[in-house]
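S.K.:
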Amino acid sequence: MSEPSGPYRAVIFDMDGVLVDSEPAFFEAVNLVLAEEGRSVDWERYRRFLGTSVEETWRGVIAMLGMRGDAPEYVRRYEDVLLDCLRRPRPPLPGVVELLDELERRGAPVALATSSWREWADVVLEGAGLRERFRHLATGDAVANEKPAPDTYLLAAGLLGIEPPSCVAIEDTPPGIASAKAAGMYAVQVRASSTAFPPIDGADLVIDSLAYFPVAMVATAPTS
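Under this note's numbering, the sequence shown has 1429 at position 56, and the numbering climbs by one with no breaks.
1. May I ask you to report which of helix, strand or coil DSSP gives Pro1595?
2. Can you give me the Cβ contacts of Glu1409 inside the same chain, cut-off strictly under 8 Å, excluding the 5 residues immediately before and after it?
3. Tell whether a beta-carbon distance below 7 Å holds between Leu1485 and Phe1386.
4. For Pro1547, does the count of other Cβ atoms within 10 angstroms reach 16, so buried, or fall short, so exposed?
5. Out of Gly1531, Arg1382, Val1563, which has the shortest C-alpha to C-alpha gap to Pro1482?
6. For the stretch 1463-1481 against the stretch 1389-1408, do three or more pairs of beta-carbon atoms, one drawn from each stretch, fall closer than 8 Å, so that the two count as touching?
7. So, using beta-carbon positions, are Glu1544 and Ala1553 closer together than 7 Å?
8. Taking Met1558 and Pro1537 to be in contact with their CB atoms under 8 Å, please state how far apart those CB atoms are, rounded to whole angstroms.
9. For Val1561, list the residues DSSP reports as bridge partners.
10. Report the option in Val1561, Asp1453, Val1414, Ser1566 whose CA atom is closest to the CA atom of Asp1577.
11. If the criterion is Cβ atoms closer than 7 Å, does the pair Val1563 and Ile1580 meet it?
12. Since Phe1386 sits in a beta bridge, which residues does DSSP pair it with?
13. Using the Cβ count rule (16 or more neighbours within 10 Å means buried), how would you classify Arg1506?
14. Residues in its own chain within less than 7 Å of Phe1400 by CB, not counting five upstream and five downstream?
15. Starting from Leu1528, trace the alpha helix (DSSP H) in both directions and tell me its first and last residue.
16. Which whole runs of the alpha helix (DSSP H) in the stretch 1448-1499 are 4 residues long or more, in chain order?
17. Can you have a look at Ser1426 and say buried or exposed, based on whether 16 or more other CB atoms are within 10 angstroms of its CB?
18. Closest by CA to Tyr1585, which one among Asp1443, Leu1472, Asp1453?
19. Answer with buried or exposed for Ala1594, where buried requires no fewer than 16 other C-beta atoms within 10 angstroms of its C-beta.
20. Where does the unbroken alpha helix (DSSP H) through Phe1399 begin, and where does it stop?
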């Protein structure tokens, strides 16, 4: 763990497992596609793919199960199934709304940096009542290299017009923490979801809920 060097000017949120407990929907969709071939993957083996791109997930599942076919073929089948799973409304995780309210009160900009594709992110945020809270979305289908590469967080910072070292990133998976750190951000791991990892090496701070986020590290924007 490391002390914050703030005050920071902006907060960038991952989505799945940080704002909403939505990772189980992705797991369910993978197994619905696999069931068409009489196959399945258990949670413990699937868990290693949390926070990675959809293509990497399917490449890993194909290799793990010794399946034929290529990842793009499975991704195409997965898309429609996944959207149906994601459309079920899910409430924000504890502390999310309160933290967003406080950041808004402080005038601190926020953005999203997620491996989910834009359409998926819109569906998840809408179902949680959070879509209007995020004007700036950096999604997995908008970058050349997904997490753990820094591209998603660099894009989010660019959308905000704020240098990455002035941003706090909130994450829940090892690839996400690695991505935020590679972008030069202060990385907070939150462990509020049903898919929470143990404390992740490289995280600057680990909290069990966004209710415990130390908002004092974020600067209040000056009023004119």
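Glycine included, each C-beta is placed from N, C-alpha and C at the ideal position. Note that the coordinates shown come from a computational prediction; the quantities given were computed from them, not determined experimentally.
M.R.: Judging by the given coordinates:
1. coil
2. Arg1450
3. yes
4. buried
5. Arg1382
6. yes
7. yes
8. 5 Å
9. Ile1543, Leu1578
10. Val1561
11. yes
12. Leu1485, Ile1543
13. buried
14. Trp1416, Tyr1419
15. 1524-1533
16. 1469-1479
17. buried
18. Leu1472
19. exposed
20. 1396-1408
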